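Right, one structure below, let's go through it.
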Amino acid sequence: MSQWREVGPGNYVLGTSGAALNTGLVVGEERALVIDTGCGPRQANEILAAVREVTELPLVVVNTHAHFDHFFGNAVFAKAGVTEFWAHGNCAAAIQNHGEEQRKLAASVEPEVADPDAEDCGIVVPNRLVGTEPVKLDLGGSTATLFHLGPAHTDGDLLVGTEHCLFAGDIVEQGFHPSFEDSYPERWVDVLRHVSALRHNYEYLVPGHGEPVGDAFVRTMADTMATAVRSARQATREMPNDATKAVPILPYGPEQSRWFIHRLMKLHRGV
Ligand SMILES: [Zn+2]
0 MSQWREVGPG NYVLGTSGAA LNTGLVVGEE RALVIDTGCG PRQANEILAA
50 VREVTELPLV VVNTHAHFDH FFGNAVFAKA GVTEFWAHGN CAAAIQNHGE
100 EQRKLAASVE PEVADPDAED CGIVVPNRLV GTEPVKLDLG GSTATLFHLG
150 PAHTDGDLLV GTEHCLFAGD IVEQGFHPSF EDSYPERWVD VLRHVSALRH
200 NYEYLVPGHG EPVGDAFVRT MADTMATAVR SARQATREMP NDATKAVPIL
250 PYGPEQSRWF IHRLMKLHRG V
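At position 71 of the sequence shown (counting the first as 1) the number is 70 in numbering that gives the first Met the number 0, and the numbers step up by one without a gap.
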């Protein structure tokens, strides 16, 4: 069973099965905003049913970034009448150009997704784009601000801020190691420090996965990542031919540490 948790008046977070995603819901007087739609029709239908327990208002969707567990549920919402799908421009382009490459990953959680022609298994690309300027969505009596703080977990991360809550997507992850596959580790540290600097604006901070966190968590995540960047750079200077030897000294799991080094080396040839 899905269970909403209130994170400020009219603001909710829902943890569903599948990839343990946090879906956000911001309810205004005229419409409601759904933040991330799940990894396929099963999870999306679960999210939609839970949304309908809270509100019958027309819905708007935002995808925080282009990872399958955040956007493969869009088709269910399109069928339910949603016409506005918001995302950062880079996120929409990644879904458009590389979304299909993630179908296998989505199908590992919801097998029916393997068939792109199966019901509600097509990819719905966001059609309302955010760039460098924040976008204020008027929900009637309340506003949600969609904004980008630079490359971090991906090059198209969107945050959603309301009067009470900041939905941070996978820029912040609680209970899991951060995922570095498409990341910009050094810039990510800056973005985390920026998120921390916004702490007085929001009572709640909801990560992409896991429990809501406080500012201390965000600062620790930034400090850990900054230290990891320094360690990885030093190790790759000392062992330029086998940078993966640095994996055991990094504060992440082996797979994520390998991605971390791979991304650093790719972004700065000869780290
Ligand atoms: Zn992600």
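Here a beta-carbon is modelled for each residue, glycine too, at the ideal position from N, C-alpha and C.
Remember, it's a predicted structure, so these values are computed and weren't measured experimentally.
Less than 6 angstroms between the CB of residue i and some heavy atom of ligand 1, yes or no?
i: Asp116; result: no
i: His66; result: yes
i: Asp119; result: no
i: Gly169; result: For clarity, residue 169 is Asp in the given sequence; the question names Gly instead. True, at least one ligand heavy atom lies under 6 angstroms from that Cβ.
Quick check on residue i: buried or exposed, where buried means 16 or more other Cβ atoms within 10 Å of its Cβ?
i: Pro150; result: buried
i: Gly140; result: exposed
i: Gly252; result: exposed
i: Val112; result: buried
i: Gln101; result: buried
i: Arg51; result: exposed
i: Arg236; result: exposed
i: Arg272; result: Missing from the structure shown is residue 272; the chain here goes from 0 to 270 and no further.
i: Ile248; result: exposed
i: Pro222; result: Note on identity: in this sequence residue 222 is Asp, with Pro being the wrong assignment. When all chains shown are included, Asp222 counts as exposed.
i: Met224; result: buried
i: Glu118; result: exposed
i: Ala65; result: buried
i: Ala48; result: exposed
i: Ala43; result: buried
i: His152; result: buried
i: His97; result: exposed
So residue i and residue j are supposed to be a Cβ contact under 8 angstroms. How far apart are they, rounded?
i: Ala91; j: Val124; result: 6 angstroms
i: Ile34; j: Val61; result: 5 angstroms
i: Leu20; j: His208; result: 6 angstroms
i: Val108; j: Cys38; result: 5 angstroms
i: Ala86; j: Leu148; result: Not quite, the Cβ-Cβ distance comes to about 15 angstroms (not below 8 angstroms), so this is no contact.
i: Arg257; j: Thr243; result: 6 angstroms
i: Asn10; j: Thr161; result: 6 angstroms
i: Glu202; j: Gly174; result: Rounded, the Cβ-Cβ distance is 21 angstroms, inconsistent with contact.
i: Tyr183; j: Asp214; result: Tyr183 to Asp214, Cβ: 22 angstroms. No contact.
i: Glu172; j: Pro206; result: 5 angstroms
i: Val6; j: His163; result: 7 angstroms
i: Thr36; j: Gly72; result: 3 angstroms
Identify the residues that DSSP records as bridge partners of residue i: which are they?
i: Ala143; result: Leu136
i: Arg127; result: Trp85
i: Gly160; result: Thr144, Leu165
i: Trp3; result: Leu13
i: Ala31; result: Val26, Leu58
i: Tyr203; result: Cys164
If you reduce the DSSP assignment to three classes, tell me which class residue i lands in.
i: Ala65; result: coil
i: Asn44; result: helix
i: Leu20; result: strand
i: His208; result: strand
i: Cys38; result: coil
i: Arg186; result: helix
i: Phe71; result: coil
i: Lys265; result: helix
i: Glu254; result: helix
i: Glu172; result: strand
i: Val270; result: Any reading at Val270 is ruled out, since the residue's pLDDT is 42, under 50, leaving its predicted position unreliable.
i: His193; result: helix
i: Ile260; result: helix
i: Leu104; result: helix
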